[in-house]
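In my numbering, the protein residues as written are 148 to 556.
C-beta: ideal position from N, C-alpha, C; glycine also.
Below is one structure, written out as structure tokens, with a few remarks after it.
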């Protein structure tokens, strides 16, 4: 008799479980609710409030396919006996008590109680990139999400891959032209996309899987366009001890953004970075000086007293107020040691040959081949990176290793 009584209790409709869910304004959450396999054919629904008066937000009898209703979507996975509810474009007023339930009608419904809290946060909404260029998108997260699984995917496609957090927290994960790195110390998830093309335009989603019951995500629209203003790559050379002048143009839409020049070296995308935040004011760091003329949309850089160690690949770029970086112009610099390349010294009666000197003015000490090109150089928005991953490439005759940097969605 006791066994029959226990079975009867399990079949009484009502609350099956209760879960707490946290989402962020502008983003979304996906909630997974289980049900008994005996109710595979029943309708599933999601409502806000408590009985009586739980108001249906989405309800469907469709199986194994997504059903949409405004900001809500529902997928009933009959094989796993679970259904998933997704809420997009979260607002603070969405906070409250919900139910994901199985419609049993005559006997009352089985449901999982969901307590949703929406936290105000700065959300990624739109990101711009440029054909044949590269892009880094930074996604910031709270400390409590350090050890949780994170991944990025393109909505409506199979371009989705998971970052394994347990073994690869300090490594980059690669999938074709996409690379992701979970920087737990900075609580930052940078996403690096190389060799952009117009087909990359669309909706993307960065997801953090909190538990088996729910995950939260940030969606953004990526718009890829051509940058007619700018060259894709430039090459410069100079004699050791002289200076190198770099001139990079950028689209007018980025006039107010921070500009930077960084050097790729080793395992760091920007091992050395100098940035300028104001228009028509010099900014210096080490041997690098930068000047941003926003009226002309022209970024000028000077590297003084160069040595062969300055032979490398550099990037001119812009950084948005959300921390996303567009690498605009690829600059290959080659520095020649004049003591090894000059001819034997002439006799005392011959005219002395000229050479670059560290005491010369910055613009006149560059190689003659580059002097005439600096004023006319036009730079691209983003330039190509090595096709392998942020790890290795060859530039200007010198071996240079690409860098992994840092996808704040």
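C-beta contact flag for residue i and residue j at 8 Å
i	j	result
residue 451	residue 394	no
residue 430	residue 276	no
residue 236	residue 278	no
residue 177	residue 225	no
residue 273	residue 370	yes
residue 470	residue 285	yes
residue 172	residue 329	no
residue 334	residue 397	no
residue 231	residue 384	no
residue 196	residue 244	yes
residue 229	residue 180	yes
residue 206	residue 223	no
For residue j and residue i, the rounded distance between their alpha carbons
i	j	result
residue 169	residue 266	7 Å
residue 216	residue 427	51 Å
residue 303	residue 351	9 Å
residue 388	residue 283	34 Å
residue 407	residue 423	6 Å
residue 477	residue 318	25 Å
residue 189	residue 280	50 Å
residue 448	residue 479	13 Å
residue 227	residue 187	10 Å
residue 324	residue 361	29 Å
residue 411	residue 291	32 Å
residue 376	residue 202	53 Å
residue 442	residue 166	54 Å
residue 252	residue 401	58 Å
residue 363	residue 485	58 Å
residue 504	residue 321	Residue confidence for residue 504 is low, a pLDDT of 33 falling below 50, so the modelled location carries little weight; the figure read from the coordinates is stated next. So the alpha carbons of these two residues sit roughly 45 Å apart.
residue 238	residue 262	15 Å
residue 164	residue 475	52 Å
residue 511	residue 382	Caution applies to residue 511, whose pLDDT of 35 falls short of 50 and renders its modelled position unreliable; the value that the coordinates give is listed next. Using only the alpha carbons, I get a separation of about 17 Å.
residue 296	residue 353	11 Å
residue 372	residue 342	12 Å
residue 183	residue 348	41 Å
residue 425	residue 444	13 Å
residue 199	residue 212	30 Å
residue 326	residue 300	12 Å
residue 339	residue 404	19 Å
residue 453	residue 481	10 Å
residue 248	residue 417	51 Å
residue 250	residue 256	5 Å
residue 468	residue 379	24 Å
residue 204	residue 214	12 Å
residue 367	residue 337	14 Å
residue 260	residue 191	14 Å
residue 461	residue 455	14 Å
residue 421	residue 270	27 Å
residue 399	residue 409	21 Å
residue 538	residue 242	Interpretation of residue 538 is limited by its pLDDT of 38, a score under 50 that renders its predicted location unreliable; the figure taken from the coordinates is listed afterwards. Each residue's alpha carbon lies about 44 Å from the other.
residue 386	residue 331	42 Å
residue 446	residue 457	19 Å
residue 246	residue 219	13 Å
residue 264	residue 298	22 Å
residue 466	residue 221	37 Å
Enclosing beta strand (DSSP E) for residue i [first to last residue]
i	result
residue 281	281-287
residue 212	It is not in any beta strand (DSSP E) - residue 212 carries neither H nor E in the DSSP assignment.
residue 355	349-356
residue 337	335-340
residue 197	Note, residue 197: premise wrong, no beta strand (DSSP E); not H, not E.
residue 180	175-181
residue 265	257-266
residue 271	Taken as a continuous stretch (DSSP letters only), residue 271 belongs to no beta strand (DSSP E), as it is neither H nor E.
residue 330	Residue 330 -> no beta strand (DSSP E), and no H or E assigned at all.
residue 223	219-224
residue 463	459-466
residue 378	Segment: none, residue 378 is in no beta strand (DSSP E) and carries neither H nor E.
residue 248	243-249
residue 448	445-450
residue 322	319-322
residue 454	Where residue 454 is concerned, there is no enclosing beta strand (DSSP E), given that its DSSP letter is neither H nor E.
residue 479	472-483
residue 370	361-372
residue 396	391-396
residue 233	229-234
residue 296	296-301
Unbroken beta strand (DSSP E) runs of length 3 or more, entirely within the stretch 410-439: which are they?
-> The qualifying runs are 415-423, 430-432.
Counting Cβ pairs, one atom from each stretch, are 3 or more of them under 8 Å apart for the stretch 352-363 and the stretch 433-442?
-> Cβ pair count under 8 Å is below three, so no.
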